[in-house]
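Peer 1: One structure coming up, written as structure tokens, with questions to follow.
Protein chains in written order, with full-length UniProt numbering: chain A, 1 to 705; chain B, 1 to 705.
Have a look at this one:
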């Protein structure tokens with residue numbers, strides 16, 4: 001009686017104060033499984049004492065205790081974790097570990113010492129940690145764990161986050177608060193959150209992080225800042241995560257006292273060699289440099305008449321002896337060249353295929369413009385078989401409504417990865433380019449522009465966590481299903497109840513298409529507000545350069561709308577494999593989702609539905625608004641399965657999204673109607689405000705600039 | 001056995017995951033009392049259902065459950081809370097509630113329904129909430145609760161935080177991350193943290209908050225921003241907290257379409273009337289405006305030849321009918337007037353005593369310069385008996401080492417509050433000016449410039465929480481002891497163990513003097529780096545205005561050092577009551593802590609210790625460094641009483657402080673030695689770097705600018 005009173009007190013205490021459902025736990029929630037779920041407390045066999053195995057063991061303990069409770073003394077089930085090198089017991093099991101490779105793992109049900117056992121083994125400690133997270137996820141997603149025979153190894157070598165974090169702690173295109181790097185207190189103070197960050201990434205297999213913005217400051221390469229990066233690297237190391245830095249190409253001038261940054265200049269080469277040596281002294285496993293050169297005003301080798309290859313190779317030579325790599329972005333477009341911006345990355349890089357060092361990765365954005373809600377895959381994929389091509393996805397939602405629009409990006413990533421470049425015939429998917437399979441590349445990479453900040457939920461909204469999660473899962477396996485991943489995430493993050501998982505996974509899977517509908521349907525792109533990229537701005541024109549405007553891309557006029565990239569226009573289709581390009585150019589073949597990306601068409605052009613283009617455009621905008629309505633309704637129904645705190649935030653954000661979807665629809669319809677000069681389709685409501693009103697809105701403190 | 005196994009599991013769970021010791025709980029930790037501490041589970045009698053009483057009841061429940069465990073059914077002790085109006089039981093007790101006033105409370109041990117009872121009663125709901133926090137603090141600080149007869153009422157009417165939070169979410173002079181106001185998502189989404197903030201403030205009796213920076217944007221007074229403020233006001237209202245806004249004086253021009261902001265212009269007056277009406281429609285209990293006018297480039301009535309009284313009274317007339325107030329800052333100094341900056345606030349305001357409306361408060365900084373580590377009290381205190389004078393303290397440590405120097409500001413606040421203005425003879429303390437007692441003022445105010453941000457610990461460091469705490473406690477009772485308050489805070493925030501409380505309270509009480517020693521000993525002031533105010537900058541000279549430099553204040557030369565404010569110099573002493581000014585001017589009377597504030601003295605001037613001024617200066621700098629060493633040692637010994645996470649952060653910060661204290665000492669000694677031309681006293685180490693080195697340091701991303 002006394003005891004039970006204490007027990008009740010404790011349970012109440014736990015329920016009321018222990019679990020602030022602020023999202024900080026991410027998908028690593030480890031809440032108790034339902035009674036009768038069939039999982040039993042399990043002991044952990046002794047584990048070798050290395051930095052990474054200590055973490056693996058602690059994670060396993062934490063997960064099991066949370067999910068199924070601590071094992072009583074003498075539990076008849078045991079988990080054995082480790083590597084053959086560190087564990088004689090595991091060595092004795094003679095496991096087929098070759099398939100696990102350098103970073104993978106093997107999970108096996110076995111009998112050990114006469115007890116029912118689960119073995120989580122790997123060739124290296126980091127594989128064990130990955131295996132532990134995988135094992136716990138099986139319980140979190142309520143899969144059986146009694147008869148396991150899992151082997152998993154990452155298909156991509158560098159699985160990276162790119163932080164566009166500035167030295168003043170702002171985050172370019174960040175919608176989740178400040179940078180989590182508290183530069184000012186580094187290197188003296190390592191916020192416990194750094195380890196939380198590393199843990200979350202390790203749970204996905206992410207093994208690299210670029211700390212600072214690609215629009216870089218040379219200062220980040222000076223001694224005090226190298227020390228700050230070094231303090232972070234120390235925290236990340238046992239989690240298998242290497243630190244990289246964005247390098248400003250003109251650093252030899254700015255911090256090296258040189259008059260040039262010409263990559264062919266011996267003094268410049270010596271500067272970078274010495275700088276690499278200096279960094280590796282502090283960070284022995286430093287990953288390397290990420291470089292944005294000759295793009296959007298950043299300095300680069302072309303400033304000196306040298307090429308991207310000259311620049312990348314010079315840096316590669318500096319870090320190469322230390323085992324480092326150079327990641328060189330293909331996101332370039334010239335001030336001088338008035339050609340279709342979509343064509344410029346290909347035009348500038350394709351000629352140099354085969355000329356980059358082995359330790360250079362060309363990092364290519366998923367599409368040829370810039371992370372739009374929808375873009376056809378970038379024509380460079382498949383076009384540079386003699387180069388290491390890495391993928392750059394954007395996780396932060398610069399163009400998809402910031403943190404307050406719900407848009408699960410799994411389908412966007414999957415759409416690109418499954419796109420068929422036909423570079424070596426059918427089945428030459430982007431995924432096979434990226435994972436090195438198509439062209440036999442060894443140094444492979446996938447990067448995601450992080451959506452992480454100081455917000456308690458890490459990502460600015462609960463559902464945006466799913467984008468970090470799906471990015472990591474696809475970097476491990478680019479052939480995985482974004483729907484399966486959504487289901488795992490929803491179960492681990494919210495609830496494994498099928499009454500929740502079913503509707504919410506459907507909601508997630510449709511959410512990106514909904515955003516496409518209300519922002520840029522039918523292949524439209526780059527129609528957002530200037531500079532902050534918030535809200536609709538199809539009227540944006542003039543200013544510094546034409547290809548930073550909306551009118552440049554929509555090409556709307558009395559005659560019709562769309563960007564002609566066929567041979568009659570910019571002929572961007574010619575940058576694709578012939579069969580692919582031919583289809584894009586052919587109105588009978590091209591998918592309507594990409595219609596206005598490739599074609600300029602009259603307002604009365606007939607869509608497959610029988611509607612005119614104008615009618616189809618308007619109804620798609622409206623369908624987007626209705627899609628948000630439907631998401632709101634579904635989410636409302638989910639209240640029984642979600643804690644009040646997170647349910648309320650998602651509800652509030654969906655309300656914002658609903659209002660802003662309407663705004664996108666109304667503003668876009670108002671604007672394009674000035675060209676179409678046609679009435680709205682029957683049943684379509686007139687925009688409640690005049691076009692002047694929408695054009696007059698301003699947002700002086702929009703985040704992320 | 002089964003039950004006990006579950007129990008053990010639960011205890012482990014609680015210990016390992018429930019309490020992230022990241023400081024977010026502040027002083028409201030409610031951890032279980034030690035076994036045998038003598039507190040027993042207590043039931044809560046039914047409470048009337050009003051917004052504030054619901055919160056009071058929930059807090060009491062949460063506190064009791066955490067501290068002593070939930071009460072079992074039929075507990076023989078009961079707590080009764082409420083007001084006579086809402087509780088017939090309390091009305092029936094016929095308590096002497098008059099002494100509790102509008103906001104105070106009464107806590108009485110009593111017998112009720114034959115049970116041992118504690119009664120927490122007040123005239124208004126907010127008093128009950130304050131009383132609940134007080135009652136819980138008694139247990140938190142391990143005071144007996146069996147025989148209580150407490151009555152407490154605040155001595156000051158407006159107890160306010162001033163947030164210098166900008167609309168882009170940066171915080172001027174903030175060292176704790178971003179503004180907690182997520183303006184972008186307001187008013188749609190109310191972060192649960194807003195209620196946490198209100199709760200923490202209510203626990204101290206703080207009843208007002210100015211949301212935005214005194215360097216204000218007119219935009220904050222437009223409809224969308226009023227709505228954002230309104231959403232915050234809705235959250236704060238049941239916690240007894242009113243929202244105020246900083247008003248930009250030129251708003252009639254910037255958002256009102258007028259050509260002038262002249263306070264005598266009828267259109268301007270109409271603008272502010274209408275603006276006030278608009279705000280009160282959204283926020284019926286809006287507190288009023290805080291104004292920084294004609295100061296540091298801000299617009300004000302003097303731009304039109306009008307006076308501070310003209311400006312303040314115009315705004316007072318706009319908010320007065322709604323019950324609002326205008327808080328007008330006396331922190332002014334003119335670009336045109338080359339007089340001693342310390343004299344200008346007095347010179348500009350004293351002549352207008354008696355000319356301000358009854359609903360105007362003149363908000364005066366504690367000292368005449370700007371929140372230095374030490375300043376004599378501001379000469380306006382006591383000098384404007386016919387005006388409402390409010391106190392402005394700075395809680396954020398702009399001039400005391402940012403978040404990483406440990407400096408408990410209680411003694412600073414107390415020193416000012418206990419200073420004797422002698423305005424009406426001896427005993428005319430600043431506290432008595434501020435609480436209205438000296439001059440019979442009814443509208444009294446104390447404001448603190450907040451040190452709150454998005455950092456998980458709220459204040460950027462654990463010990464900085466104490467500065468928020470002591471400000472709140474002194475605003476309730478300006479006669480309270482900063483040492484007693486430190487002890488309460490240390491017990492509530494860390495541990496009530498006397499082996500912890502004794503050394504840590506001593507450490508806290510000495511910490512501010514230590515900072516004074518290594519930064520600005522003997523009355524020196526304004527010696528920090530330019531603009532960011534980080535680190536030593538005694539050589540700062542030139543630039544926009546002389547009184548923004550260090551050399552202006554130290555007046556160091558071959559002949560000596562110090563600012564002569566006697567009749568031979570600026571005669572600032574004449575702004576004080578004659579006896580006070582005479583003492584300041586007299587080398588035999590003035591306290592050496594203020595020596596160089598008031599006097600310019602030769603390097604060989606003899607201090608009371610027998611040392612020369614030069615020797616005393618150097619040894620004080622060094623004493624400051626030694627003081628940080630001692631704090632580090634004390635804190636190291638506290639490891640057994642503090643969780644590892646918070647102990648580690650404080651340790652890391654003390655290490656930073658140690659290094660920076662040395663830097664302050666070395667840089668200052670190097671600089672002043674160029675004037676003194678004297679050797680260091682015996683045993684004093686030479687600065688390890690040249691003066692050039694110290695002068696060459698730069699800090700491009702210092703926070704808080």
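Glycine included, C-beta positions come from ideal geometry on N, C-alpha and C.
(1) Do residue 261 (chain B) and residue 250 (chain B) have their C-beta atoms within less than 8 Å of each other?
(2) Assuming residue 453 (chain A) contacts residue 180 (chain A) under a Cβ cut-off of 8 Å, what Cβ separation, rounded to an integer in Å, is found between them?
(3) Is it right to say residue 98 (chain A) is buried, meaning 16 or more other beta carbons lie within 10 angstroms of its own, or is it exposed?
(4) When DSSP builds the beta bridges, which residues end up paired with residue 709 (chain B)?
(5) Whole beta strand (DSSP E) runs in the region 268-294 of chain A with 3 or more residues, listed along the chain?
(6) Give the interface partners of residue 645 (chain A) over in chain B, defined as CB-CB distance under 7 Å, in chain order.
(7) Name the DSSP beta bridge partners of residue 363 (chain B), please?
(8) Here's a check: name, in chain order, each residue in its chain whose Cβ is nearer than 7 Å to the Cβ of residue 399 (chain A), leaving out the five neighbours to either side.
(9) Taking the alpha-carbon positions, what's the residue 224 (chain B) to residue 285 (chain A) distance?
(10) Taking the straight line between their C-alpha atoms, what separation do you get for residue 26 (chain B) and residue 176 (chain B)?
(11) Whole angstroms is fine: what's the gap from residue 297 (chain A)'s alpha carbon to residue 531 (chain A)'s?
(12) Measuring CA to CA, which of B:142, B:604, B:60 is closest to residue 118 (chain B)?
(13) Taking only beta-carbon positions, decide if residue 657 (chain A) is within less than 8 Å of chain B.
(14) Since residue 653 (chain A) meets chain B, which of its residues come closer than 9 Å, beta carbon to beta carbon?
(15) Which residues of the UniProt domain "Alpha glucuronidase N-terminal" (26-135) of chain B have a Cβ closer than 9 Å to any Cβ of chain A? Give them in chain order.
(16) When you compare the CB positions of residue 209 (chain B) and residue 125 (chain B), do they come within less than 8 Å of one another, or not?
(17) For residue 699 (chain A), count neighbouring Cβ atoms within 10 angstroms of its own Cβ and tell me buried if that reaches 16, exposed if not.
(18) Per DSSP, residue 528 (chain B) is paired with what?
(19) Using DSSP with H/G/I as helix, E/B as strand and the rest coil, what is residue 135 (chain A)?
(20) Which residues in chain A sit within 9 Å of residue 649 (chain B), going by Cβ to Cβ distance?
(21) Spell out whether any CB of chain B is found under 8 Å from the CB atom of residue 178 (chain A).
(22) Determine, for residue 613 (chain B), whether the minimum Cβ-Cβ distance to residues of chain A falls below 8 Å.
(23) With 16 as the cutoff for other CB atoms within 10 Å, does residue 720 (chain A) come out buried or exposed?
(24) Tell me whether residue 619 (chain B) is buried or exposed, calling it buried when 16 or more other Cβ atoms sit within 10 Å of its Cβ.
(25) Kindly indicate the opening and closing residues of the beta strand (DSSP E) around residue 111 (chain B).
(26) Compile a chain-ordered list of the residues in the region 679-705 of chain A whose CB is closer than 8 Å to at least one CB of chain B.
(27) Return the first residue and the last residue of the alpha helix (DSSP H) that residue 421 (chain A) is part of.
(28) So which residues on chain B does residue 464 (chain A) lean against when the C-beta distance must stay under 7 Å?
(29) Against residue 404 (chain A), what residues of chain B qualify as contacts under a CB-to-CB distance less than 9 Å, listed in chain order?
(30) Pick out whichever of A:104, A:128, A:36 has its Cα sitting closest to the Cα of residue 79 (chain A).
(31) Within its chain, find whatever has a CB closer than 6 Å to the CB of residue 302 (chain A); leave out the 5 residues flanking it on each side and keep chain order.
(32) Considering residue 195 (chain A), what are the terminal residues of the alpha helix (DSSP H) in which it resides?
(33) Please list the partners that residue 167 (chain B) has in chain A, where partner means a Cβ-to-Cβ separation under 9 Å.
(34) Quick one: does the C-beta of residue 362 (chain B) sit closer than 7 Å to a heavy atom of the ligand SAM?
(35) Would you say residue 16 (chain B) reaches chain A, if we count a Cβ-Cβ gap shorter than 8 Å as a contact?
(36) Have a look at B:520, B:96, B:560, B:570 and flag the residue whose alpha-carbon is nearest the alpha-carbon of residue 550 (chain B).
Peer 2: Walking through what the data contain:
(1) A distance below 8 Å separates the beta carbons of residue 261 (chain B) and residue 250 (chain B).
(2) With a beta-carbon spacing of about 6 Å, residue 453 (chain A) and residue 180 (chain A) fall inside the 8 Å limit used to define contacts.
(3) Burial is judged here by how many other beta carbons sit within 10 angstroms of a residue's own beta carbon; residue 98 (chain A) has fewer than 16 and is exposed.
(4) Lying outside 1 to 705, the shown extent of chain B, residue 709 (chain B) is not represented and no answer is given.
(5) Listed in chain order, the complete beta strand (DSSP E) runs (minimum 3 residues) inside the region 268-294 of chain A are 288-291.
(6) Taking the beta carbon of residue 645 (chain A) as reference, the chain B residues within 7 Å of it are 192, listed in sequence order.
(7) When beta bridges are read from the DSSP output, residue 363 (chain B) appears opposite B:329, B:390.
(8) Correct list, in chain order: 371, 372, 373, 528, 533.
(9) If you take the alpha carbons of residue 224 (chain B) and residue 285 (chain A), they lie about 50 Å apart.
(10) About 14 Å.
(11) Distance between the alpha carbons of residue 297 (chain A) and residue 531 (chain A) is about 15 Å.
(12) Checked all of B:142, B:604, B:60; the closest Cα to residue 118 (chain B) is B:60.
(13) Closer than 8 Å: no.
(14) Neighbours of residue 653 (chain A) in chain B, taken as residues at a C-beta separation under 9 Å, are given in chain order as 185, 188, 189.
(15) Hits within the stretch, in order: 30, 32, 41, 61, 62, 65, 66, 69, 70, 72.
(16) Not in contact: residue 209 (chain B) and residue 125 (chain B) (Cβ atoms no closer than 8 Å).
(17) Of the residues assessed, residue 699 (chain A) falls on the exposed side of the cut-off, its CB having fewer than 16 other CB atoms within 10 angstroms.
(18) DSSP output for residue 528 (chain B) lists B:536 as bridge partner(s).
(19) Of the three classes helix, strand and coil, the one that applies to residue 135 (chain A) here is helix, per DSSP.
(20) Those are 189, 191, 192, listed as they occur along chain A.
(21) Taking Cβ atoms only, chain B reaches closer than 8 Å to residue 178 (chain A), which makes this a yes.
(22) Residue 613 (chain B) does not count as touching chain A.
(23) Nothing in the structure corresponds to residue 720 (chain A), since chain A is present only between 1 and 705.
(24) Buried, since its Cβ has 16 or more Cβ neighbours within 10 Å.
(25) That run of the beta strand (DSSP E) goes 105-112.
(26) Cβ contacts with chain B: 700, 701, 702, 703.
(27) No alpha helix (DSSP H) holds residue 421 (chain A); DSSP gives it neither H nor E.
(28) Close partners of residue 464 (chain A) in chain B (Cβ separation under 7 Å) are lacking, with about 13 Å as the shortest Cβ gap.
(29) Within chain B, the residues near residue 404 (chain A) are 184, 185, 188, 189.
(30) Cα-wise, what sits closest to residue 79 (chain A) is A:128.
(31) Annotation for residue 302 (chain A): 294 place their beta carbon closer than 6 Å to its own, counting only its chain and skipping 5 residues before and after.
(32) Residue range 192-202 is occupied by the alpha helix (DSSP H) that includes residue 195 (chain A).
(33) Against chain A, a Cβ distance below 9 Å from residue 167 (chain B) picks out 700, 701.
(34) What this structure holds is no ligand at all, so the ligand SAM is not there to describe.
(35) Any reading at residue 16 (chain B) is ruled out, since the residue's pLDDT is 41, under 50, leaving its predicted position unreliable.
(36) That would be B:520, whose Cα lies nearest to the Cα of residue 550 (chain B).
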